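Undergrad: Residue numbers 18 to 186, in the numbering used here, belong to the letters of the sequence shown in order. By construction, the Cβ of each residue, glycine as well, lies at the ideal position given by its N, Cα and C atoms. Predicted model only: the values in this text are computed from it and were never measured.
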Amino acid sequence: MDSDAAGGGVLADANSAKREEIVAMLTKAYWMEVETVMSYLANSVNPDGVLAQEIVESLEEDVQEELGHATQFAKRIKELYGIVPGSMEFSAEQSYLQPPEQQTDIAHVIRGVIEAESGAIDYYNRIIEATDGVDPVTQDMMIAILRDEEGHRRLFEGFLRDYEADSRA
Ligand SMILES: [Fe+2]
């Protein structure tokens, strides 16, 4: 019996190496989203001051959106015969999204968000390349999520411009 009998696409036996590569990338993407949930949650509560209000409200919504991304990645890992890791495998990377010294330092938070979104955009583009022609379902999911991250980065770039104009005034 040849491997075609198991069906084509990324779930085929013949594609197990590629599948493992995609699962590893999705696992990293999952941790990136989980860490973003933690960072955005803290940064949606900590900031003080009038200028912080818009940022706080935006991040409150984003916590739910990033949790939604993490959930989609987890489900796709399972569909690809992977296992969603437990918390002991987590290691933090977002040094730039730690609470600032002063809770009125909104520029620090905005720049941290832009850095997190840029990291996600770079990595999700890599997953889109890695899945090209072999796993259209994962690729489709990544394209939709990439659009969220690009929109989010653009929003925070606008916040940064606004904030910098205000601090020059
Ligand atoms: Fe996300």
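Between which two residues does the alpha helix (DSSP H) containing Y57 stretch?
TA: Position 40 of the sequence shown holds residue 57. Unbroken alpha helix (DSSP H) run through Y57: 33-60.
Undergrad: Give a single yes or no on whether I160 has its beta carbon closer than 7 Å to a heavy atom of ligand 1.
TA: Start at 1 with the first residue of the sequence shown, and residue 160 comes out as number 143. Checking every heavy atom of ligand 1 against the Cβ of I160, none is found closer than 7 Å.
Undergrad: Short of 6 Å in beta carbon distance, which residues of its chain neighbour L28, apart from the five on each side in sequence? Order them along the chain.
TA: In the sequence shown, residue 28 corresponds to position 11, counting from 1. So no residue of the chain qualifies.
Undergrad: How big is the Cα-Cα spacing for M158 and H86?
TA: Here the question's residue 158 lines up with position 141 in the sequence shown. Here the question's residue 86 lines up with position 69 in the sequence shown. Roughly 9 Å separates the two Cα atoms.
Undergrad: Have a look at S108, I72, K92, P116 and flag the residue whose alpha-carbon is nearest the alpha-carbon of R178.
TA: Numbered from its first residue, the sequence shown carries residue 178 at position 161. Nearest option by C-alpha distance: I72.
Undergrad: As an exercise, report each continuous beta strand (DSSP E) stretch of at least 3 residues that is fully enclosed by the segment 57-88, in chain order.
TA: Qualifying beta strand (DSSP E) stretches: none in this window.
Undergrad: I'd like to confirm something about T44: is its beta-carbon nearer than 7 Å to some heavy atom of ligand 1, or not?
TA: Translated into the one-based positions of the sequence shown, residue 44 becomes position 27. For ligand 1, not one heavy atom lies less than 7 Å from the Cβ of T44.
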